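Undergrad: In my numbering, the protein residues as written are 36 to 148. Just so it is clear, CB atoms sit at the ideal spot from N, CA and C, and this is done for glycine as well. Every value quoted in this text rests on a predicted model; they were computed, and no experiment measured them. My structure is below; once you've seen it, I'll send some questions.
So, in structure tokens, the structure goes:
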């Protein structure tokens, strides 16, 4: 009975490697992903609504954030999303934020012209 009481938190699976050169395991991956998605959703409103990818970015970011909030296990996150490893999702989210910055800059430049 004792192992059952402590089995949950202590039995969490730990990823040893991503198996991808240059992509390290992120121990607090869920927290990082939640923060990146939240930041994306805070910044995307600055992109003009007529930008083609804005709605797509909002939609898949909201979906991913929901999964990150619902699942605590990295394996379940990977399984539910089917988009690769969670560390790859971090890279994608960081790239998405860079793209948002570029879209905002492009929009500002277009308005000035």
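1. Per DSSP, what kind of secondary structure is residue 39 in: helix, strand or coil?
2. Which stretch, first to last residue, makes up the alpha helix (DSSP H) that contains residue 71?
3. For residue 94, tell me which candidate among 54, 140, 53 and 76 has the shortest Cα-Cα distance.
4. Would residue 135 pass as a contact of residue 69 if the rule is Cβ separation under 9 Å?
5. For residue 60, I'd like the list of residues in its chain whose CB is within less than 8 Å of its CB, leaving aside the five on either flank, ordered along the chain.
6. Among the candidates 146, 142, 130 and 126, whose CA atom is the shortest distance from the CA of residue 55?
7. Per DSSP, what kind of secondary structure is residue 58 in: helix, strand or coil?
8. With burial defined as no fewer than 16 other Cβ atoms inside 10 Å of the residue's Cβ, what is the status of residue 146: buried or exposed?
9. Taking the continuous alpha helix (DSSP H) assigned at residue 50, which residues delimit it?
TA: Quick look at the numbers:
1. In the chain shown, counting from the first residue as 1, residue 39 sits at position 4. At residue 39, the pLDDT of 43 sits below 50, so the modelled position is not reliable and the matter cannot be decided from this model.
2. Reading the chain shown from its first residue, position 36 is the one you call residue 71. Element bounds for residue 71: 64-78.
3. Mapped onto the chain shown, residue 94 falls at position 59. Among 54, 140, 53 and 76, the Cα nearest to that of residue 94 belongs to 76.
4. Here residue 135 is taken as the residue at index 100 of the chain shown, counted from 1. Here residue 69 is taken as the residue at index 34 of the chain shown, counted from 1. Not closer than 9 Å, so no.
5. If you number the chain shown from 1, residue 60 lands on position 25. So the qualifying residues of the chain are 50, 51, 52, 53 and 122.
6. Mapped onto the chain shown, residue 55 falls at position 20. If we check each option's Cα against that of residue 55, 126 comes out closest.
7. Against the chain shown, residue 58 aligns to sequence position 23. In this structure, residue 58 counts as coil in the three-state DSSP scheme.
8. For this step, residue 146 is matched to residue 111 along the chain shown. In the assembly as shown, residue 146 is an exposed residue. Its beta-carbon has fewer than 16 other beta-carbons within 10 Å.
9. As a first step, residue 50 must be located in the chain shown, where it is residue number 15. For residue 50, there is no enclosing alpha helix (DSSP H), as DSSP gives it neither H nor E.
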